[in-house]
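Okay, here's the thing in structure tokens:
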């Protein structure tokens, strides 16, 4: 190609770094048979129509980026002619039809991104000599099973299949992907057990298979794991949380909500010294909350509501960074400990629907960042401490159906942020008009 007397082998049509962008509209033109083009970036314009079959003429092309346009129709099978192609991005458009099998025969291809289109049909077989590093197919209408040939993609680092209609089991061959760092296969119809082989991939950092129909027990976790995020919520997983969960010492998020897990929360969870989020709500967990969990200084969110947990609430660490503590709907008993005030960053504290008894500690007034305080439907008694007026950011005070007595402290009505006060069905007394 000769432009102004120069041969251009690199043709960017939009810089990713320009503040003011040139945008092209109309259709993609036909491609020349004798093209030397190596890079074609057309992303982020208003191009419409189909990807032309003549794209297959660009046999020297290494980088083809068409994403963020209004292209529609099928990905032409002629794309398989691009035998030197390394990058193919065609995401966030209106592409439909099947993914052409020919694309997976391009051994040079490293990056495929066709997410958020309307692609359908089954996933093609994967080539044995693939160099693919990134495969992003999420947000389409792909159906059928994840093919066992996925295990051929041994150089794959990022596999994103979520938000499709894929079904069946996660093949055990996924354990062959020894360089995999990201595996997302959420919000689909996957069933069967989670293959133990996936937890033997030491490079894996993110697993997201939430909102499927996965069942069976959780596999053992590897000692040399680099896993940071494990999202398993919304499945039919059963059995206990394995003690080997404590091997995931780099874990930052553990989400087990809405499964059929039972038994105790293992004390080994205290080994997860980088954990920030722990969700294990709406299941059949029992036994005591392990004190070790409150020694994790990085922990910000604990949600274990709606289980069958019992025993006393352990003390919070003075180094606590906890912002959300949701324990409602269990069988926790005893006093609310004074040391709860160590969690000075708490914003959400839900202790309602338990068996807590005794007095509400005055130290609760130290939780000055608190926005929601839910205490109702316990057996708490005695007065509401005046220190509750220190909770200057409080929006919801929920303490009905208990044995609280004495006057409502006037300090409550000085909290300007307060939107909801529920104190019904207690034994409170005094003149309300004097307080308001």
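In full-length UniProt numbering, the protein residues as written are 1 to 436. Backbone N, C-alpha and C fix where the C-beta goes; we use that ideal spot for every residue, glycine too. Only a predicted model underlies this, so the values are computations on that prediction, with no experimental measurement involved.
Just to confirm before moving on: does the CB-CB distance between residue i and residue j stay below 8 Å?
i           : j           : result
residue 364 : residue 341 : yes
residue 330 : residue 354 : yes
residue 336 : residue 313 : yes
residue 280 : residue 293 : no
residue 130 : residue 153 : yes
residue 360 : residue 400 : no
residue 97  : residue 162 : no
residue 145 : residue 167 : yes
residue 109 : residue 72  : no
residue 362 : residue 387 : yes
residue 211 : residue 186 : yes
residue 138 : residue 160 : yes
residue 389 : residue 421 : no
residue 351 : residue 367 : no
residue 150 : residue 182 : no
residue 241 : residue 275 : no
residue 268 : residue 289 : no
residue 284 : residue 261 : yes
residue 136 : residue 63  : no
residue 44  : residue 76  : no
residue 120 : residue 142 : yes
residue 200 : residue 222 : yes
residue 345 : residue 371 : no
Where does residue i land, buried or exposed, given buried means 16+ other C-beta within 10 angstroms?
i           : result
residue 308 : exposed
residue 236 : exposed
residue 304 : buried
residue 247 : buried
residue 178 : exposed
residue 273 : exposed
residue 165 : exposed
residue 419 : exposed
residue 49  : exposed
residue 338 : exposed
residue 430 : exposed
residue 306 : buried
residue 257 : buried
residue 334 : exposed
residue 83  : exposed
residue 239 : exposed
residue 70  : exposed
residue 427 : exposed
residue 180 : buried
residue 425 : exposed
residue 432 : exposed
residue 224 : exposed
residue 36  : exposed
residue 190 : buried
Taking the beta strand (DSSP E) that residue i belongs to, which residues open and close that run?
i           : result
residue 284 : 284 to 287
residue 255 : 253 to 255
residue 158 : 158 to 160
residue 217 : 213 to 217
residue 206 : 206 to 208
residue 312 : 308 to 312
residue 141 : 141 to 145
residue 189 : 189 to 192
residue 239 : 236 to 240
residue 260 : 260 to 263
residue 46  : 46 to 50
residue 40  : 39 to 41
residue 362 : No beta strand (DSSP E) holds residue 362; DSSP gives it neither H nor E.
For a cutoff of 8 Å on Cβ pairs, would you count residue i as touching chain C?
i           : result
residue 402 : Protein chain content of the structure displayed is limited to a single chain, and chain C is not contained in it.
May I ask you to list the residues that DSSP assigns as paired with residue i?
i           : result
residue 278 : 254, 302
residue 294 : Answer is none; residue 294 lacks a bridge partner.
residue 457 : Residue numbering for the chain in the displayed model covers 1 to 436; residue 457 lies beyond these limits and cannot be assessed.
residue 136 : 113, 160
residue 325 : 302, 349
residue 182 : 158, 206
residue 120 : 141
residue 230 : 207, 254
Is any heavy atom in the ligand HEM found nearer than 7 Å to the beta carbon of residue i?
i           : result
residue 286 : No copy of the ligand HEM appears in this structure; indeed no ligand is present at all.
Unbroken alpha helix (DSSP H) runs of length 4 or more, entirely within the region 58 to 118: which are they?
-> none
Enumerate, from N- to C-terminal direction, the unbroken beta strand (DSSP E) stretches of 3 or more residues contained entirely within the region 329 to 359.
-> 331 to 334, 348 to 350, 355 to 359
Alpha helix (DSSP H) runs wholly inside the region 367 to 436, at least 4 long, in chain order | none
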